[in-house]
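Asker:
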């Protein structure tokens with residue numbers, strides 16, 4: 001959500017970077033039409049990107065196409081390089097770290113901004129802070145401490161803005177705690193999964209880095225219920241054996257609640273090896289027994305069908321979404337995923353529209369309406385739903401046509417080995433022994449046959465509502481490719497029809 005408050009040029013540069021990363025090459029025209037910005041502005045932003053990313057990537061131009069040469073592992077570093085040019089983020093950092101209550105003139109001088117520009121930046125920051133439940137007093141961010149911590153972690157994790165100086169010793173201590181709670185995890189694993197679990201680490205580190213600012217959570221029935229889960233007591237025990245003695249401190253009950261909140265609403269490895277299917281089922285029951293959640297399930301059922309809401313994967317996705325909304329944190333918790341191609345996928349966007357409508361029509365107390373919902377969380381839920389809906393599709397119907405029984409058997413064995421029975425169903429058809437009427441009623445079916453029978457089948461009208469795939473006796477690589485592509489096309493058509501219904 002913070003991204004929406006950033007300078008327009010920052011947002012556009014980020015989107016251009018995503019397009020370059022998602023495709024081998026793109027033209028100025030393609031970027032202009034996709035992002036709805038003028039070609040001249042695209043060229044200007046490409047020049048700025050070259051400068052911003054000079055240490056992380058190389059943007060090349062070949063004829064009329066632009067491409068980016070970068071290590072996929074450096075995507076986040078490249079994004080950080082773009083964000084470092086944002087004055088809005090710079091101003092937020094100033095107001096978080098401004099314990100000595102410096103005047104705003106200090107920020108203006110340090111940033112080399114004109115007064116008018118600096119005060120426009122300040123107004124943008126004030127609008128953003130107001131939307132997330134925080135304010136500014138004497139040029140310093142004020143409000144509930146837990147929300148300030150989540151903002152600091154957001155800036156660090158999502159935007160590469162370090163407001164406190166997260167040092168190596170603090171990161172090691174945070175990881176020592178994680179390893180204490182999970183026997184399957186090693187320091188090497190955690191060092192390679194910073195993007196996945198770094199947000200949790202930062203929030204945990206803030207429990208002692210900002211200990212001089214007492215943290216108190218607001219009353220919440222949902223959070224109280226979640227404290228019944230086995231993790232709460234186990235977590236307190238692990239903290240007493242790792243972080244507390246290492247720092248020579250004793251956490252208060254409020255500190256424990258804060259750290260448990262961090263556990264509940266972020267992605268981490270803490271106790272991940274302790275979750276059995278029985279425990280997962282118990283937690284789902286704990287959540288879905290709440291009246292408001294049942295109302296939400298009913299809304300999804302009305303829009304997308306009962307079959308969907310009965311699928312365990314759907315319920316898990318909904319729980320994952322819900323945990324980001326605890327205590328109104330949905331506007332502060334970042335989405336850890338990078339959306340490249342899917343950000344511009346029409347089907348995903350359509351499902352996202354349906355999901356957004358469901359939530360907007362849902363009157364509830366589970367999501368604090370005082371705070372906006374970050375659209376990226378809805379988008380991720382939509383991607384999950386898209387995947388689940390694809391698994392609900394009926395198998396693609398394939399009919400094998402031949403005049404030799406052994407060929408039908410061989411082809412059936414071949415297809416069963418190559419493709420899952422969840423993806424295809426196979427019906428053999430013996431051309432010289434069965435009535436053509438058997439095939440005439442079929443629609444949206446793939447008919448696989450020897451090339452010599454293609455014209456016969458077309459003359460009988462089988463190609464009008466079905467696709468005929470002519471193959472050779474030996475089934476070469478091209479035949480396999482055509483069969484695979486035909487199956488994917490048929491499945492895509494089914495999915496298009498399913499999405500169109502909603």
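Residue numbers (the UniProt record's numbering): 1 to 502.
Beta carbons: idealized from backbone N, C-alpha and C, even for Gly.
These figures come from a predicted structure and were not determined experimentally.
DSSP puts residue 69 in a beta bridge; with which residues?
Answerer: Per DSSP, 58.
Asker: Less than 8 Å separating the beta-carbons of residue 388 and residue 498?
Answerer: Going by C-beta atoms, residue 388 is not nearer than 8 Å to residue 498.
Asker: CA-CA distance, residue 154 and residue 254?
Answerer: Their Cα atoms are separated by approximately 21 Å.
Asker: List the residues that DSSP assigns as beta-bridge partners of residue 36.
Answerer: In DSSP, residue 36 forms no bridge with anything.
Asker: For my contact list, residue 467 and residue 399 are in at a C-beta cut-off of 8 Å; report their separation, rounded to the angstrom.
Answerer: In fact, because the Cβ distance is near 11 Å, the residues do not count as touching under 8 Å.
Asker: Between residue 65 and residue 59, what straight-line distance do the alpha-carbon atoms span, to the nearest angstrom?
Answerer: Cα to Cα, residue 65 sits roughly 10 Å from residue 59.
Asker: Would you decide whether residue 330 is buried or exposed? Buried here means 16 or more other CB atoms lie within 10 Å of its CB.
Answerer: With 16 or more Cβ atoms within 10 Å of its Cβ, residue 330 is classed as buried.
Asker: Sort 83, 320, 384 by Cα distance to residue 157 and report the nearest one.
Answerer: For residue 157, the nearest C-alpha among the options comes from 83.
Asker: Does the Cβ-Cβ distance between residue 319 and residue 292 come in under 8 Å?
Answerer: Not closer than 8 Å, so no.
Asker: I need the straight-line Cα distance from residue 251 to residue 326, nearest angstrom please.
Answerer: Going from the Cα of residue 251 to the Cα of residue 326 covers about 22 Å.
Asker: Assign residue 472 to buried or exposed, taking buried as 16 or more other Cβ atoms, counted over all protein chains shown, within 10 Å of its Cβ.
Answerer: Exposed is the call here.
Asker: What three-state label does DSSP hand residue 417 in the structure shown?
Answerer: Reduced to three states, the DSSP call for residue 417 is helix.
Asker: With residue 55 and residue 13 assumed to form a contact (beta carbons below 8 Å), what rounded beta-carbon distance in angstroms separates them?
Answerer: No, residue 55 and residue 13 are not in contact; Cβ-Cβ is about 16 Å, not under 8 Å.
Asker: With distances taken from CA atoms, which of 1, 349, 489 is nearest residue 151?
Answerer: The shortest Cα separation from residue 151 among 1, 349, 489 belongs to 1.
Asker: What's the C-alpha gap between residue 125 and residue 295?
Answerer: Approximately 36 Å between the Cα atoms of the pair.
Asker: How close, in whole Å, do the beta carbons of residue 146 and residue 215 come, if the pair is a contact with beta carbons under 8 Å?
Answerer: Right, their Cβ atoms sit about 5 Å apart.
Asker: How close, in whole Å, do the beta carbons of residue 288 and residue 315 come, if the pair is a contact with beta carbons under 8 Å?
Answerer: Right, the Cβ-Cβ distance comes to about 7 Å (below 8 Å), so this counts as a contact.
Asker: On the CB-based measure, 16 or more other CB atoms within 10 Å of its CB, does residue 161 come out buried or exposed?
Answerer: Buried is the call here.
Asker: Start and end of the alpha helix (DSSP H) containing residue 179?
Answerer: Element bounds for residue 179: 168-181.
Asker: Let me check understanding here. Comparing Cα to Cα, which of 312, 18, 113 lies closest to residue 277?
Answerer: Here the closest residue by C-alpha is 312.
Asker: From 390, 481, 130, pick the residue whose C-alpha is nearest to that of residue 495; which is it?
Answerer: Checking every option, the nearest Cα to that of residue 495 belongs to 390.
Asker: State buried or exposed for residue 159, treating a residue as buried only when at least 16 other CB atoms are found within 10 Å of its CB.
Answerer: Per the 10 Å Cβ criterion, buried.
Asker: Could you check what DSSP says for residue 252 in three-state terms: helix, strand or coil?
Answerer: Three-state result, residue 252: coil.
Asker: Would a C-beta distance cut-off of 8 Å place residue 385 and residue 317 closer than the cut-off?
Answerer: The answer is yes: Cβ separation under 8 Å.
Asker: Mind checking which residues open and close the beta strand (DSSP E) that includes residue 2?
Answerer: Looking at the DSSP string, residue 2 is not in any beta strand (DSSP E), and its letter there is neither H nor E.
Asker: For residue 138, I'd like the list of residues in its chain whose CB is within less than 7 Å of its CB, leaving aside the five on either flank, ordered along the chain.
Answerer: Result list for residue 138: 101, in chain order.
Asker: Pull up the CB-CB distance for residue 122 and residue 91, whole angstroms please, since I reckon it's below 8 Å.
Answerer: Their Cβ separation, rounded to whole angstroms, is 6 Å, which keeps residue 122 and residue 91 in contact under 8 Å.
Asker: Measure the Cβ-Cβ separation of residue 133 and residue 328 and say whether it is below 8 Å.
Answerer: Yes; because the gap between Cβ atoms is below 8 Å, this pair is in contact.
Asker: Taking three-plus beta-carbon pairs below 8 Å as touching, is the stretch 481-496 in contact with the stretch 394-410?
Answerer: As far as the Cβ criterion goes, the stretch 481-496 touches the stretch 394-410, which means the pair count is three or higher.
Asker: Starting from residue 128, trace the alpha helix (DSSP H) both ways and give me its first and last residue.
Answerer: First-last of the alpha helix (DSSP H) with residue 128: 115-131.
Asker: Which two residues bound the contiguous alpha helix (DSSP H) that contains residue 455?
Answerer: 454-459 is the span of the alpha helix (DSSP H), which, as asked, contains residue 455.
Asker: Where does residue 491 sit, in a helix, a strand or coil, going by DSSP?
Answerer: Helix at residue 491.
Asker: State the Cα-Cα distance for the pair residue 448 and residue 463, rounded to the nearest angstrom.
Answerer: Cα to Cα, the separation comes out at about 11 Å.
Asker: Is it true that the stretch 265-276 meets the stretch 191-209, where meeting means three or more beta-carbon pairs spaced less than 8 Å apart?
Answerer: Contact between the stretch 265-276 and the stretch 191-209 is present, because at least three Cβ pairs lie under 8 Å.
Asker: Work out the CA separation of residue 259 and residue 31 for me, nearest whole Å.
Answerer: So the two alpha carbons sit approximately 43 Å from each other.
Asker: Quick check: residue 405 and residue 381, are their CB atoms within less than 8 Å of each other?
Answerer: No; because the gap between Cβ atoms is not below 8 Å, this pair is not in contact.
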